[in-house]
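Contents: one structure, followed by commentary.
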Amino acid sequence: MVAEDTAGSGDRSEEEQEMDRKAPTSEERDVEMVVSAAEGPPGEAAQPRKWKGAVIFLCFYGFMISIKPGEPFITPYLLSSEKNFTREQVTNEITPVLTYSYMVVLVPAFLVTDLLRYKPVLIIQGFSQVVIWLLLLLGTSLLEMQFMEFFYGITMACRVAYSSYIFSLVSPALYQRVAGYSRAALLLGVFTSSVLGQLCISFGDISFYTLSAVSLGFVSFGLTLSVFLPWPKRSLFFNRMLFQEQKEAAAAATKSELYQMNPKESASSSAAPPCSASRWRDSVFLQMLLEVRNVARRPNLRLWSLWWVFNSTGYYLVLFYVHILWNKVHPVTENKSVYNGGVEAASTLLSALTSFIAGYATIRWNVWSELVIGVITALQAGLLLLMATTDNIWVCYMAYVLFRGFYQFLVPIATFQIASSLTKELCALVFGINTFFGTILKSIIILIFSDKRGLGLDVQSQFLVYTVYFAILTVVYLVCAAVVITRHYRNKREGEGGGDKEQVASTELSPVAAESEAEPLSNGNSAKA
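Mapped onto this note's numbering, the consecutive letters of the sequence shown carry residue numbers 2 to 530.
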């Protein structure tokens, strides 16, 4: 009896010991409580009302900051009797400042946006827009207009905050959907702004000065909205590492307090924290900078990144100077004869339509990418030649609308081709680098051909230069297309890689699954870690 009782007691103590090993200690429970407190309330994905309200507010903000009915008429305003600047001053001395400012501010804006978690940069953007319209209303000198373009460059550089802000509000599963919402809000705002401006000019008998004052009111309201935007708790790069360090610090502080109460138990579970230098070496941001080298070795990513750099450069050069070209083809005699707002609205609508159509394009992009890019670039070169040589303003308008539509058709394709095989963080870094290189190229071209300190060409001569630029790109793309297509069919004929059994999967523009495994970085870690 005694032996049985003793054995039973021994069995129970073994079971209890097993349960003790599985159950968390009081120290571990305390640490978990502190870490949970440091993390704050549950994520936005677990609170549908909270993130939906934040996304709706952000989209409304994006719509409102796009309402600037005087924007399509800035160049006619500067060239009108109200401001009385010459076309040479606007072309060779005022407009180039925009690109220089954008180039200088872009990288700091990209880094500060992530470091300060978006909201301060959006407030800076709103403040810069207010300054732009104040200078347009009150400024009279060449220097003041150059400062206006400087702040315009700041505004463009700060757009990265809006495009990436929305990803901090929702879980990865919702990225594709909310990105579409935010872009739709911007496009709707631009379209509404252009239509409103054209209606005011054509039917409201409103002066450029009054239209600028209306724009100042809208951007001031947008600045007010930016103050009330929710402040995200995380960002893509810096604050992710900071957030992890805060959790580790909270856990360490709790263990320190428990050590004073129970030194033996705490000492057995304590471990030396990693040094700050090690954390920096293993940080996601630094590892992704190193990973960019591997991205450049992939032919498909390299092709579309180069397209982004070179074709976006030409596209924005056209956007910066096309209003000056219109004024030369059709000099402004009265406000009612200016149709810049209507043309911008039409081009925005066509751009949205072509972007939508591109989402359904199913092509073997690994074979036909160069050919598609080459053909579209050739069409754009022809449209630029038509714009540079025509004396009919309506032909010039139509060529511009088609030029923008062709470019916007390729934008979602390039975005998907680059983003589909990269993590969200690495994708943002690649796009940032592509944009920066494109801005440097724009600055070089403007300095040589547009700036007063360079050749200082007139606007029609500049468009001839842009035509040659796109023609050179066309030749390069078509030569590369011929090489790729010839190699593809030769390999297919020779049966390399399995002959007829080889299947090349077509790439559709569909969202990447959020649950897909992240691609490992060079050090073996995942960028989603």
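For every residue, glycine included, the Cβ atom is placed at its ideal position computed from N, Cα and C. The structure displayed is predicted, hence computed values, not measured ones.
So what does DSSP say about residue i, is it helix, strand or coil?
i           : result
residue 446 : helix
residue 364 : strand
residue 192 : helix
residue 295 : helix
residue 457 : coil
residue 35  : Note that residue 35 scores a pLDDT of 37, beneath 50, so its modelled location is shaky; the value from the coordinates is reported in the next line. Helix.
residue 81  : coil
residue 423 : coil
residue 91  : helix
residue 333 : coil
residue 414 : helix
residue 393 : coil
residue 86  : coil
residue 171 : coil
residue 45  : Since pLDDT at residue 45 reaches only 41, below the 50 mark, its modelled position is unreliable, and the value read off the structure follows with that caveat. In this structure, residue 45 counts as helix in the three-state DSSP scheme.
residue 507 : Any reading at residue 507 is ruled out, since the residue's pLDDT is 43, under 50, leaving its predicted position unreliable.
residue 369 : helix
residue 54  : helix
residue 433 : helix
residue 198 : helix
Does the distance from the C-beta atom of residue i to that of residue j stay below 8 angstroms?
i           : j           : result
residue 93  : residue 392 : no
residue 468 : residue 400 : no
residue 411 : residue 374 : yes
residue 198 : residue 70  : yes
residue 372 : residue 482 : yes
residue 443 : residue 318 : yes
residue 162 : residue 114 : yes
residue 95  : residue 146 : yes
residue 349 : residue 478 : no
residue 63  : residue 230 : no
residue 328 : residue 77  : yes
residue 102 : residue 154 : yes
residue 389 : residue 311 : no
Going straight from the alpha carbon of residue i to that of residue j, what length do you get?
i           : j           : result
residue 165 : residue 133 : 24 angstroms
residue 321 : residue 150 : 11 angstroms
residue 156 : residue 492 : 50 angstroms
residue 398 : residue 344 : 6 angstroms
residue 448 : residue 129 : 24 angstroms
residue 347 : residue 339 : 15 angstroms
residue 244 : residue 53  : For residue 244, the pLDDT reaches just 47, beneath the cut-off of 50, and the residue's location in the model is therefore unreliable, leaving the point undetermined.
residue 408 : residue 475 : 14 angstroms
residue 140 : residue 421 : 47 angstroms
residue 91  : residue 456 : 15 angstroms
residue 108 : residue 159 : 10 angstroms
residue 131 : residue 217 : 6 angstroms
residue 179 : residue 120 : 18 angstroms
residue 423 : residue 323 : 35 angstroms
residue 450 : residue 171 : 45 angstroms
residue 368 : residue 490 : 10 angstroms
residue 233 : residue 298 : 35 angstroms
residue 82  : residue 183 : 39 angstroms
residue 207 : residue 473 : 44 angstroms
residue 210 : residue 376 : 43 angstroms
Classify residue i as buried or exposed, calling it buried when 16 or more other Cβ atoms lie within 10 Å of its own Cβ.
i           : result
residue 127 : buried
residue 212 : buried
residue 436 : buried
residue 85  : exposed
residue 405 : buried
residue 97  : buried
residue 395 : exposed
residue 87  : exposed
residue 316 : buried
residue 59  : buried
residue 304 : buried
residue 487 : exposed
residue 79  : buried
residue 300 : exposed
residue 342 : buried
residue 363 : exposed
residue 365 : exposed
residue 480 : exposed
Does any C-beta atom of chain D lie closer than 8 angstroms to the C-beta of residue i?
i           : result
residue 212 : Among the chains of the structure shown, chain D does not appear; only one protein chain is present.
Check for me: the alpha helix (DSSP H) holding residue i runs from which residue to which?
i           : result
residue 494 : 460–495
residue 115 : 97–116
residue 223 : 209–228
residue 312 : 300–330
residue 349 : 341–359
residue 68  : First-last for residue 68: undefined, no H or E at that position.
residue 154 : 143–158
residue 121 : 120–139
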